[in-house]
Amino acid sequence: MKPIRLDMKYFGPFEDETIDFSSVKDSMFLISGRTGSGKTMIFDAITYALYGTLSTSDRMEGSIRSQFATDSDISRVKLTFEIRGSQYTVERTLSYQKEGRKTPVPPKAAIYDQEGEVLDGSISGVKEKVIGIIGLDADQFRQILILPQGEFKRLLVSSSESKQEILRTLFRTERFVHFELQLNELKKEKLKSIELVESRIEELFNTLSANGDAELQKLIDAEYPTAAKRIEVIEEIGTTLGNRYRMLEEALQKLKQEATSLRETISRRERHNEQALKLASTKQELKDHEENAAVIERLETAVRQYRKVKTVEYELRSEQDLIKQKEELETRLNTIDTGLKELETSGEALRQTLDKISRYREGYTKLVKWINSTERFVEDPRFRDMDGVLQSKMKERQNLASDIKAQEAKLAEARQEDDSIHWEHAESEILRNELSASVAECRKMREWIERENKSAGYDGKKQALEKEIVELRKKMEDTETAIKKIQEDTGSMYSPEDKAHIEHLTGHLTEGGECPVCRQTVSVLPGARDYMSEEDEAKLTALETKRRKCGNALETAEKNLGIVDGILGSMERYDTEKLEKELEAEERHQNEVQKKIDDNHKRYDRKKQLDEEMRRLESSISDNRIRMNNAENAVEQQKSLKKEFSEQTQFETREEFQKEFQARQQKVTRYEKQQEEAEQERQRYREEKSRLEENRAAARRQLSEMSGQLQENTHIIDDFLKDNEFAGRNVLFSILKNTDVDEDEERIRAYHTQKDILKSRINDLESVLESTEEIPVEEDREKLSVLDKEIETKTNDNARLYAQMQHNGNIREKIGDFAEKHEAELGEVDELVELVNAVSGRNGQKVSLERFVLTYYLDRILHIANIRLLEMTSHRYELRRSTEKSNRKTGLDIEVFDFYNNRARHISSLSGGETFQASLTLALALNEALQQESGGISLDTMLIDEGFGTLDPETLDMAISTLIELQTSGKMVGIISHVEELKERMENILEVKAVNERSTANFK
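At position 828 of the sequence shown (counting the first as 1) the number is 959 in this note's numbering, and the numbers step up by one without a gap.
Dropping the structure here:
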C-alpha cells in the first residue's frame, strides 16, 4: 500500500491542504517542521481515512477537528492509495457537535475504485472493504506500516503476554486456540456419546421380555460386564421362547381345523332355510303385485289418447297464438293513428318558436362582437388588481430607498474603523520568527542542562571505576606475592646438590622422548607444581584462579573507564546555574513575544471580520439597487396597463366593466341555449313522425300475412275432430295438459317387468329345493362358539409370545449395532485424548500449539532483526528470546545479549539511542516476516515518527543506510524528525509550516 494523494479539510491545523505523494512513492522523504505544526497529523489523516481511527490508540477523534472550524465547516479527509497496481480512494467526514443540535453530526465514509465507482458508502462497509483490500486491520497497520510517536518501541519492551496478543493479531494464530477449543469440545462430545451408548444398551437390555418365566427373568435382572455377554443372554432367551411358540402353534392348528368343519355344516343348513323362506315371501309378493292390474289398464288408455292428440298439438297452439296476435296488432294500428294526429298539433307550436328566435338574431351578433373585443381584460391576470399592484410597487420602491441609505451609513462606519486598525503581515512574521527562535533557544538550553546533568552522572561513574581499579590492582599485587612465596617455598624443599641434579635431569627431557632413568616415554614435561605437595598445589591453584578473576575484572573496569573518559571527553561542559538563569530570562521574553502575537492576532481577526462585513454590505446595497430599479419599472408598467384598460372598455374601474361583461355574456348564453333547444325539438319532431309512419305500414303488412296462416290452421283442426270423435277444441287442450304421461308409461313398464321377475324367481327356487321345511342349527352354533373362544384365547397367547420374541430380536439387533459403534468410538476417543493433550501442552514439554507457533515466529523475527542490529552496533548487541520461565505466560520476553560483556541484559538497560536501534530493526524485521508469511499483503510503505534524535552521527548514518536499502527495494519510507542532519541527507523534504494556527505542507 502506497499513499498517492492526501486531501485534508479542517483536519487538525490544516484548513484546506493537498499533499501529492506521487513523486516520492518509491523514495524516502522527511517530514520537517516546528513542534506543534502538524507533522504527526499527516500520519493521523492517512490512518483515519483508511480505518476511521488515528495513528495512536490513545487519542480520540474529537481532538483532530480544527479549532478554527465553524459549525458550517465540514472536516474531511480524502486518501488515494495504490496497491498491487490498482488505485482506490477513501473519503471520510468527521463527527462533530453543532451548536443547537442535541446529538453530534454523524460521520460519513465512502470508497471508490480506479474508475470512480462507489464500492461502499457505509462506515462499517468501508472499514471492511479497506481491510479486505490491504489485508490489515487498524492495529496491524499501526504496528507494521506506521511507527507512531510513543508506540515505536512497544513490541520491544512489552511483556510476554502483550507480545502474545500483538503477534497473535499479526500472524492470526488465534486459529490454533480455536483449534484447541474445538478439539476439547469434540473430546467432550465423544465421551458423552460413549456414555449415551452404554446407557442406551443397558436401557434396551432391561426392556427384554421373559413371557412370565421366572428363570428367564433372573437372566434379565442379572449384571453383565460387556455388551457381548448381554447378547449371549438374549440369544438363550430367544431359543427358549421359540420352542414354546412352536408347541402352542401346533395345538392352535388342530382347533382351527375342527371349527372349520363345523362352520361348513352350519353354513349349508342356513342356506337351505334362507331359500325356503325366500320362496314363500316371493309368492306373497306376486299376489300383492297383481292387485294393481285395473289401475294399470286405465293408465294405458289415457296414454294412447295423449299420443293421438299430440299429432295436432302444433296446429292447435298456432291457431290460438295467431288469434291473440291479430287482436294485439289491430290495437297497435289504432294507437299509431292517434299518435300521428297529436304530433301534427305539436309541430305547429314549434314553427312559431323558431320564427321568434330568428327576429332576435341581429342583437345577438352585436353582443358577441363586443364580448370578443373586451374578453382579454377579464382573462389576463395583469388587469385583475391594477390599483393594488401599483400601490404595492410604489411602497416597495420607497422601502428600498430607505434600506440603501441605512446600509451606506453602516458601510462608511465599517470603512472608518478598518482604516483605524493597524496590522501588517511582515510584523506578524517577525514576531513568529522571534517566538520560534526563543522556543528553539529555550529547548537548546534545556538540552544543555540535561546533558550537563547526565555528564555529572558520568563523573560519579568515573570516580567509582578509578576506585575499583586501585582496589583490583592491590588485590593483584597481593595475589602475585602469595604465588611467588609458594613457588620459593617449593624450591627450598631440596638441597642445592639435589636441586642441581633435578634441573640437570629435567633439562635432558623432551616431550615424546625417552627418560634416561626409567626408559619410559615422556608425555608431559614436569613443572614446579610436580614437586609440590597436594596442599601446596591446591593453594597455588586457588591463588591463580583469584589472579585470573582479578585480571578479568581489572580489564573490564579499565575498558569501562576508557569508555567513560571517551564520553566525557566528547562532551561540552556547561555552567548549570548560569544556564538556568538565562533560561528563565528567555522564557520571560518568550511570554512577552507571545502576548504581542496574541494582540496582533486579535487585530488581524477584527480586520478580517470588518472586511467580511464590508463585502456583505456592498453586496446587499448592489442587490437592493437592482430590486429598486425593478420596482420603478413595475410602477410604469402598471400605469400603462390602466390607461389601455380605460381606452378600450370605456370604464374607469374593473368592477364596473366586469359587471357589465357578465350581464351581456349571460344574454348571449340564454339566446344560444334557446336556439339549440328549438333545433333539437325540430329534429325530434321529424324523427318521431317518420318512425310512426313506418310502424303503421309494417303493422298493416303483418296483419294481412297473419290472417292467411290462421285460415289454414283452422281447416286442419276441423278435419281431425271429424275423424276422431272428440267433442271439441277444449277437450283436445285438456288432454294435452296431462304432464305425467312419461311417468305413467314408466309405471306401466315397471309393473310388467316386476311381474315377470317374480314369476322367474319362484320357478328358480322351486327347482333347487328338495323340501320347503326349515332345518334346526342352534346346537351346532353353540359348539362353534365354544371352539372360537378357545381359538381366540390361544391365538392371543401365541401372538403375545411372538411379539415378545420379535421385540427381543429387535433388541438383539440394536444392542449389536450399539456395541459395534461403542468399540469404534472407544478407539477414536483414545486417539483424540492423546491429540488434545499434545495441542494443549499437557505433555513433557508443557508447550501449547499456539505458544509453539508464536515462539517460532518471534525467533524468525529476531533472526531477521539481528542481521541489521549487529551491523548498527558494531556486533555488540543481539536480540534473543528469553528462555527463563517464571510462569506459564512467559516465553516471549526479549532480552539483549551484550557481546562486549559476554552476558545477557534486560531490554530496559539499553540507552535511548540503543533502544531506538533495537526498535527500528525489530519493526523492519516484523514488516519483512509478515510479508513473507502473508504473500497477499503488500507492505510497500513505512512511516516513522521521531526517535532519530537519540542517535550519534555514526549510528544515525547506519539507520539511514538501512532505510535507504528499504527504499531501493521499492518501498516508500517517510520519517518525522527534528534532527538537522537529516535535512542535509534527504533529497525529498515535506516541509510543514504553521501560520496563525493554520498549517501548510509542501515538498521542496
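We put the CB at the ideal spot given by N, CA and C, even for glycine.
Small disclaimer: the values here were computed from a predicted structure and weren't measured.
Asked	Found
Counterpart residues of A241 in DSSP-defined beta bridges	E222
Contacts around L889, its chain only, beta-carbon distance under 8 Å, and the 5 residues preceding and following it disregarded	T413, E416, L417, H420
Beta-carbon contacts of E146 that lie in its chain and below 6 Å, excluding the five residues immediately before and after	R1129
Separation of L210 from I1107, as counted between CA atoms	19 Å
CB contact flag (Q769, L521, <8 Å)	yes
Cα-Cα separation, R582 to E572	15 Å
Whole-angstrom distance between E897 and H403, CA atom to CA atom	12 Å
Expected contact under 8 Å - CB spacing of I275 and L267 to nearest Å	7 Å
Nearest residue (CA-CA) to N731, options S1040, H556, I351	H556
8 Å contact criterion, which L181 and F272 should meet: CB distance rounded	7 Å
DSSP three-state assignment for R785, whether helix, strand or coil	helix
Cutoff 7 Å; reference T224; Cβ partners in own chain excluding five residues on either side	I205, S206, R207, P238, K239
The segment 762-777 touching the segment 520-540, judged by at least three CB pairs closer than 8 Å	yes
N- and C-terminal bounds of the alpha helix (DSSP H) containing H953	909-971
Bridge partners - P134, DSSP secondary structure assignment	F212
Rounded separation between I752 and W554 - CA only	28 Å
DSSP state of R815 mapped onto helix, strand, coil	helix
Nearest to A407 (by Cα), restricted to the options F212, L900, F949	L900
C-alpha gap between A545 and M745, whole angstroms	7 Å
Backbone CA spacing between E668 and K677 [nearest angstrom]	14 Å
Whole alpha helix (DSSP H) elements within the segment 452-534, 4-residue minimum	492-505, 507-510
Inter-residue CB distance, S194 and T171 (contact presumed, cutoff 8 Å)	Incorrect: roughly 12 Å between the Cβ atoms, too far for contact.
Residues of its chain near K738, where Cβ-Cβ distance is below 8 Å and the 5 sequence neighbours each way are ignored	D549, I552, W554
Reduced DSSP category for S158 - H, G, I as helix; E, B as strand; rest coil	coil
Residue range of the beta strand (DSSP E) that includes K1124	1119-1126
Beta-carbon proximity check, Q1048 vs T1004, cutoff 8 Å	yes
Residues near E213 by beta carbon distance below 6 Å, same chain, minus five either side	K133, I135
Cβ neighbour criterion (16 or more within 10 Å) applied to I906	exposed
Rounded Cβ spacing between I600 and E686 (contact assumed at less than 8 Å)	Actually they are not in contact, since the Cβ atoms of I600 and E686 sit about 10 Å apart, beyond 8 Å.
Nearest-angstrom Cβ-Cβ length linking L915 and A411, presumed shorter than 8 Å	About 28 Å; that fails the 8 Å criterion.
Limits of the beta strand (DSSP E) - the one that Y1008 falls within	1008-1012
Cut-off 8 Å between Cβ atoms - residues of its own chain near T178, not counting five sequence neighbours on either side	T184, L185, S186, A269, F272, R273, I277
Cβ neighbours of E444 in the same chain (closer than 7 Å, five flanking residues each side left out)	L867
Buried or exposed (CB count within 10 angstroms, at least 16 for buried), D871	exposed
Coarse secondary structure for E1026, derived from DSSP in three states	strand
Residue of E843, E1026, E951, L932 minimising C-alpha distance to A380	Checking the sequence shown, residue 380 turns out to be Glu, not Ala. Cα-wise, what sits closest to E380 is L932.
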